[in-house]
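Asks:
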Amino acid sequence: MTTDRPGGQELILFCNCVYYDVIPSGTREQILHSLSRSGVQVEVVADLCGLAAGRDPRLQTWAQASSLTVIACFPRAIRWLFHAAGVSL
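In terms of this note's numbering, the sequence shown opens at residue 6 and continues consecutively.
#1: Helix, strand or coil, according to DSSP, for Gln46 in the structure here?
#2: Output the distance between the C-alpha atoms of Ala68 and Val45, rounded to the nearest integer angstrom.
#3: Work out the CA separation of Arg63 and Glu15 for me, nearest whole Å.
#4: Does the beta-carbon of Ala101 have 16 or more other beta-carbons within 10 angstroms, so that it is buried, or is it exposed?
#5: Where in the segment 23-78 do unbroken runs of the beta strand (DSSP E), each at least 3 residues long, occur, reported from the N-terminal end onward?
#6: Compare the Cα-Cα distances from Tyr24 to each of Phe87, Cys54, Ser41 and Ser72 and report the closest residue.
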């Protein structure tokens, strides 16, 4: 899921889904390896669901990024996680 806004650097938010194996671990490792070599700013979190449940203030910061790509389970789940935390994407 990607949200683009004018100006600024791209931010990739990567959820490791530590409590669920929605994205197989080998696939996650390959993605992270590729991202680390790309030069793009990547923020890795262990559990985006937990951050949303706790209304972590970083969600607001990330949502305000000029270009945000979230790599996680399902786009609809990500939108609702941010919404449940009181943050619009």
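The C-beta atom is built at its ideal place from N, Cα and C for all residues, glycine as well.
Replies: With the given structure in hand:
#1: Taking the first residue of the sequence shown as position 1, residue 46 is located at position 41. Correct three-state label for Gln46: strand.
#2: Stepping through the sequence shown from its first residue, residue 68 is reached at position 63. Stepping through the sequence shown from its first residue, residue 45 is reached at position 40. Each residue's alpha carbon lies about 17 Å from the other.
#3: The count along the sequence shown starts at 1 and reaches residue 15 at position 10. The count along the sequence shown starts at 1 and reaches residue 63 at position 58. Rounded to the nearest angstrom, the two C-alpha atoms are 16 Å apart.
#4: With the chain running from 6 to 94 in the structure shown, residue 101 is simply not present.
#5: Uninterrupted beta strand (DSSP E) stretches at least 3 residues long and entirely within the segment 23-78 occur at 46-50 and 72-76, given in chain order.
#6: Taking the first residue of the sequence shown as 1, we reach residue 24 at position 19. Distance from the Cα of Tyr24 is smallest, within the candidate group Phe87, Cys54, Ser41 and Ser72, for Cys54.
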